[in-house]
Amino acid sequence: MAMRFTDVDALIIGGGPGGAMSALKLARLGWRTMLVERGTRNRHKTCGHCVNRRAMEALRREGLLSAVTANAAGNARIFRLHGLDGSSVETSLPIARDSDAGAGLVIDRSRLDQLLRDRAVEAGVMVSQPASARVESIGNDGAIVRVATADRTFSVRARLLVGADGVGSAVARAAGLIATRSAGRKFGFSFDVCNNGESRRIDRDAVEMFLVPGGYLGLVGHGLDRLHAAALLDGRRTDAHQPLAFVRRAVEFHDRLRQLGLDRMNADDLQHLKAIGPMPWRPRNVSCSIGEAHIALVGDAAGYVEPFTGEGIGWALQSADLLEQCAATCEPGRWMARASREYSRLWRRHIGRRQRLCAAIAWTLERPRLAEIIVRLAARLPRLAERVAMEVVTA
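When you read off a place in the sequence shown, starting at 1, and then add 39, the result is the number in my numbering.
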């Protein structure tokens, strides 16, 4: 008896910004599109919650910026970098074109991701959530994926399989796109801290980064009663898998964190704690063709380095833009090998080189003495700080 499939033109595994936007764009091009997201509605993700200028402009092009702005907790107009010796530098972030929101937005990823998935549904995307996906085969029959929800299990066949499943992508592994050393030794985590009577108010217009030996801690404000923190640290350190210990170590170097009451935190204060890693994550390519199946990686699945002020979401949405450009050169549902090659070329040109810039900045921040020199130099030369911010944030 022949196996029965649900046939679609494109199957996206992963419903973050890259996956949801890719699904939305493909559906608007007339592709029969399915998206599989393992998380429940409005689930939290490891993220700094910053939507930068490039991401805002991508959302504007799709008519989504006003909806995202309405769900935002604040704006991002200022970036402050705090050095280990008490020095700091502040710079204005470049303003998004025709925007009243400043250089970026601060928005909870649980809201952003679900908003984009819901808009994909409105565009005709079939969304399975929560659901697991397992790639069963890739070849002359296309890509065949087993999807399981709470009440049923079924197989999906697609000509185009889009991996939007993040760092360590299972799609990349199934397609043989894993490099010898795809992942690094760093880990990231994020959490919320509610007020609980403490003076934990932070400037709603600011993104603040505090250098710590072996990593950094970033903070943004969510209204009057909540801080959102995101950190990145060397996985070889003893506190790499102990968020509270890392925060306490950061407090030792920064009075500002003590003023915010972070020295009095306990484990119960770490709300919505999520972790990610190891990273950086670098597959050997972001697309390939195997028989009649074609694979494309978007978002973090395509490559992840240490973002600072929203670059991660920006890269995810930009990768969806590039995927759309390539899909538009094909008949709906007829992705070709030349489109895979073009997607790889465009990704390397527009996203890969910007990730290398962020990797260089991360390399600098890992070296406390060098980082201190940069902070002091930027404090004396504000135009230099603004230039670096422009290069990174508008990447």
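Yeah, the Cβ is synthetic: ideal placement off N, Cα and C, and Gly gets one too. Since the model is a prediction, treat every value here as computed from it, not as a measurement.
Here's the rule I'm using: 16 or more other beta-carbon atoms within 10 Å means buried, otherwise exposed. How should N91 be labelled?
By 1-based counting over the sequence shown, the position of residue 91 is 52. So N91 ends up on the buried side.
Assigned secondary structure, H83 (DSSP; H/G/I helix, E/B strand, else coil)
In the sequence shown, residue 83 corresponds to position 44, counting from 1. Three-state DSSP puts H83 in coil, outside helix and strand.
Below 7 Å between beta carbons: does that hold for V145 and A170?
Position 106 of the sequence shown, counted from the start, is the residue given in the question as residue 145. Position 131 of the sequence shown, counted from the start, is the residue given in the question as residue 170. No Cβ-Cβ contact shorter than 7 Å links V145 with A170.
Let me know the alpha helix (DSSP H) ranges lying completely inside the stretch 334-376, each 4 residues or longer, listed in chain order.
Listed in chain order, they are 350-366.
Applying the criterion that 16 or more other CB atoms from any shown protein chain within 10 Å of the CB defines a buried residue, is D147 buried or exposed?
For the purposes of this step, residue 147 is taken as residue 108 along the sequence shown, with counting starting at 1. Classification for D147: buried.
Secondary structure at A140, three-state DSSP: helix, strand or coil?
Here residue 140 is taken as the residue at index 101 of the sequence shown, counted from 1. Bear in mind that a pLDDT of 49 at A140, under 50, signals an unreliable position, so the model cannot answer this.
Looking at V206: is its Cβ nearer than 7 Å to the Cβ of I315?
To locate residue 206, count along the sequence shown from 1; it is residue 167. To locate residue 315, count along the sequence shown from 1; it is residue 276. A contact, by the Cβ cut-off of 7 Å.
Within the stretch 183-258, ranges of the beta strand (DSSP E) (whole runs, at least 3 residues):
Counting only runs of 3 or more, we get 192-202, 222-233 and 245-251.
From which residue to which residue does the alpha helix (DSSP H) around V325 run?
As a first step, residue 325 must be located in the sequence shown, where it is residue number 286. No alpha helix (DSSP H) holds V325; DSSP gives it neither H nor E.
Provide the residue span of the alpha helix (DSSP H) that contains G57, from first to last.
Translated into positions along the sequence shown, residue 57 becomes position 18. Unbroken alpha helix (DSSP H) run through G57: P56 to R67.
Just the C-alpha distance for E61 and C327, rounded to the nearest angstrom, thanks.
Indexing the sequence shown from 1 puts residue 61 at position 22. Indexing the sequence shown from 1 puts residue 327 at position 288. It should be pointed out that residue 61 corresponds to Ser in this sequence rather than to Glu. Roughly 17 Å between the two C-alpha positions.
Put Q310 into one of helix, strand or coil per three-state DSSP.
As a position in the sequence shown, residue 310 is number 271, starting the count at 1. Residue state, collapsed to three classes: strand.
Three-way DSSP call (helix, strand, coil) for S167 in this model:
What you label residue 167 is simply residue 128 of the sequence shown in a count that begins at 1. Residue state, collapsed to three classes: strand.
Mind checking whether V184 and D308 have CB atoms under 7 Å apart?
Residue numbering aside, residue 184 sits at position 145 when the sequence shown is read from its first letter. Residue numbering aside, residue 308 sits at position 269 when the sequence shown is read from its first letter. Cβ distance not < 7 Å, so V184 and D308 don't count as in contact.
Between the C-alpha atoms of A434 and L200, what's the straight-line distance to the nearest angstrom?
Numbered from 1 along the sequence shown, position 395 holds the residue referred to as residue 434. Numbered from 1 along the sequence shown, position 161 holds the residue referred to as residue 200. At A434 the pLDDT is 46, less than 50, meaning the model places this residue with poor confidence; the figure from the coordinates comes in the next sentence. Rounded to the nearest angstrom, the two C-alpha atoms are 27 Å apart.
So the beta strand (DSSP E) S131 belongs to, where does it begin and stop?
To locate residue 131, count along the sequence shown from 1; it is residue 92. Unbroken beta strand (DSSP E) run through S131: S127 to S131.
E175, DSSP secondary structure in three states
Looking up residue 175 in the sequence shown gives position 136. It is a strand residue.
By DSSP, does A268 sit in helix, in strand, or in coil?
As a working mapping, residue 268 is identified with position 229 in the sequence shown. Residue state for A268 is assigned as strand, using DSSP reduced to three classes.
Helix, strand or coil: how does DSSP classify D147 here?
The sequence position of residue 147 within the sequence shown is 108, counting from 1. D147 falls in the coil class under three-state DSSP.
Use the C-beta contact count for R27: other C-beta atoms within 10 angstroms, 16 or more gives buried, fewer gives exposed.
Coverage of the chain is limited to positions 40 through 434, which leaves residue 27 absent and any answer about it impossible.
Hey, would you say P322 sits closer than 7 Å to L396, going by beta carbons?
As a first step, residue 322 must be located in the sequence shown, where it is residue number 283. As a first step, residue 396 must be located in the sequence shown, where it is residue number 357. No, they are not a contact pair.
How would you label G153, buried or exposed, when you count the other beta carbons within 10 angstroms and need 16 or more for buried?
For this step, residue 153 is matched to residue 114 along the sequence shown. Inspection of the sequence shows that residue 153 is occupied by Gln rather than by Gly. With 16 or more other Cβ atoms from the protein chains shown falling within 10 Å of its own Cβ, Q153 counts as buried.
Inter-residue Cα distance where the pair is D46 and D339
Translated into positions along the sequence shown, residue 46 becomes position 7. Translated into positions along the sequence shown, residue 339 becomes position 300. If I take the Cα positions, the gap works out to 26 Å.
Just verifying my parser: in three-state terms, what is the DSSP assignment at M95?
Position 56 of the sequence shown holds residue 95. DSSP, reduced to helix, strand and coil, places M95 within a helical segment of the structure shown.
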